[in-house]
Amino acid sequence: MAATSRALDNAQIAQFIRDGFVRIDNAFPRELAAQGRAILWRDLPCSEHDPSTWTRPVIRLSGYGGPLFREIANTPVLHRAFDQLVGVGRWRARRDIGGTFPVRFPHPDDPGDAGWHIDLSFPGEDCDPNERHDHSAWRANIVSRGRALLMLFLFSDVGENDAPTRIRVGSHMPMARYLAPWGEAGCARMVLDDMGADCEIALATGEAGTVYLCHPFLVHAAQKHRGKTPRFMAQPDLPPAEPYRLEREDSAYSPVEIAIRIALDAA
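In full-length UniProt numbering, the protein residues as written are 1 to 267.
Below you can see the structure in the form of structure tokens.
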């Protein structure tokens, strides 16, 4: 890969392997973030200009498609970063920004969704095929079936008081060791309050247009909004084009795979 095509330098790659995430500033234009927020405000049951209507701590909107969100999800810098972290040809471009947009509002109540977790990525055999949107029995496994990366797209400026996602730095390592005994079948209904409890906590802050690219095993959590302006963020996955492999004949391991191998003492 030519140096001119690199989105991340060697230090950032090393940080991703060690800490489980990397922050990319200006990953998409602020102007597009503002256009996206306008669409989200249109679909919210409250008014942007009347804080008295912000009666809930969090409102979740479903993923969004269309040209605007497709452009945001597929900027050249993000594509280059995906190549570096996941591997050329090993990921699939998003046609939308899927998952949910958890819009968090300044509010005294606990949001009720601030537990430590990783995002699950595939349905287990015990999932009801008629309940496609019930993720209670979804699973994660040691090769992160169904998810190449967790991504956090900031659609508004997010400071320390604006409910930034909390990240347990380096928690993808003990998480890999936790998942390993479950093999390909993976694990569901995990309680991860103590997973990486001794890790330093980082906050996913930044200006609108910032994207955090995270190892799929990174333990993270929401928190109460203590600021003044609603926080807009999306958390789509990056779909894999092929499974991660922890044994490769050519040793062409991606940084995601390297981190798992280090955690399992296989590197």
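For every residue, glycine included, the Cβ atom is placed at its ideal position computed from N, Cα and C.
query: Roughly how many angstroms separate the alpha carbons of residue 76 and residue 209, rounded to a whole number?
result: 14 Å
query: When DSSP labels each residue in this structure, what does residue 103 get in the three-state scheme?
result: strand
field: CB of residue 122 within 9 Å of CB of residue 36, strictly
entry: no
task: Identify whether residue 147 lies in helix, strand or coil by the three-state DSSP scheme.
output: coil
- request: Return the CA-CA distance between residue 247 and residue 261, expressed in angstroms with no decimal places.
  value: 9 Å
message: In whole angstroms, give me the CA-to-CA distance for residue 15 and residue 151.
response: 16 Å
query: Helix, strand or coil: how does DSSP classify residue 206 here?
result: strand
- request: Under 6 Å Cβ to Cβ from residue 142, same chain only, skipping five residues before and after it: list those, please.
  value: 179, 180
- request: Quick one: measure Cβ to Cβ for residue 259 and residue 17, integer angstroms, because I've assumed they're closer than 8 Å.
  value: 5 Å
message: Give the list of continuous beta strand (DSSP E) stretches no shorter than 3 residues that lie fully inside the stretch 30-112.
response: 58-64, 97-104
query: According to the Cβ coordinates, are residue 105 and residue 225 closer than 9 Å?
result: yes
Cβ separation of residue 25 and residue 206, assumed to be a contact under 8 Å, to the nearest whole Å: 7 Å
- prompt: Among the residues of its own chain, which have a CB less than 7 Å from the CB of residue 48, if the five just before and after it don't count?
  reply: 41
query: Rounded to whole angstroms, how far is the Cβ of residue 68 from the Cβ of residue 32, which I believe are closer than 8 Å?
result: 6 Å
- prompt: Got a sec? Which residues, its chain only, sit under 7 Å from residue 82 by beta carbon, not counting five neighbours each side?
  reply: 91, 238
task: Name the two residues that bound the continuous beta strand (DSSP E) containing residue 211.
output: 211-214
field: Spatial neighbours of residue 58 in its chain, beta-carbon cut-off 6 Å, leaving aside the 5 residues before and after
entry: 102, 104, 111
field: Local Cβ density within 10 Å of residue 168, reported as buried at 16 or more and exposed below that
entry: buried
query: Run through DSSP, which three-state label would residue 17 get?
result: helix
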